[in-house]
Amino acid sequence: MSPPQFNVRIPSSLDKQVKLFAKANNVSKNKVMIDALNHYLGCMEKISLNQQLAEIKEKIKNFSYQICG
């Protein structure tokens, strides 16, 4: 049995960000959206390690900018 499916409309700017993120992390748009929903709903244990690593890298980058200017 295949998992449930639902469709949503998102702004084109968000779609572009999802596509870029998926390509940069070598994952499908579907995986990005599932991880994003899990993150939003507080299900961190269900988020892929790639997604968690990407978030950590982004936080480190932002922190470095704050420190180094």
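Mapping of the sequence shown onto the numbering used here: residues 11 to 79, in sequence order. Each residue gets a CB set at the ideal place from its N, CA and C atoms; glycine is no exception. Just so it is clear, the structure is predicted and the values come from calculations on it, not from any experiment.
Check: What is the DSSP secondary structure of Asn17, counted as helix, strand or coil?
Finding: coil
Next item on the list: Inspect the beta-carbon positions of Lys41 and Ser58 and report whether they are closer than 8 Å.
Entry: yes
Item checked: Other residues of its chain near Asn35: CB distance less than 8 Å, five sequence neighbours each side excluded -> Result list for Asn35: Val42, Asn60, Gln61 and Ala64, in chain order.
Check: Three-state secondary structure (DSSP) at Met11?
Finding: Met11 falls in the coil class under three-state DSSP.
Next item on the list: Using three-state DSSP, classify Pro51 as helix, strand or coil.
Entry: It is worth fixing the name first, because residue 51 is Leu in this sequence and not Pro. Residue state, collapsed to three classes: coil.
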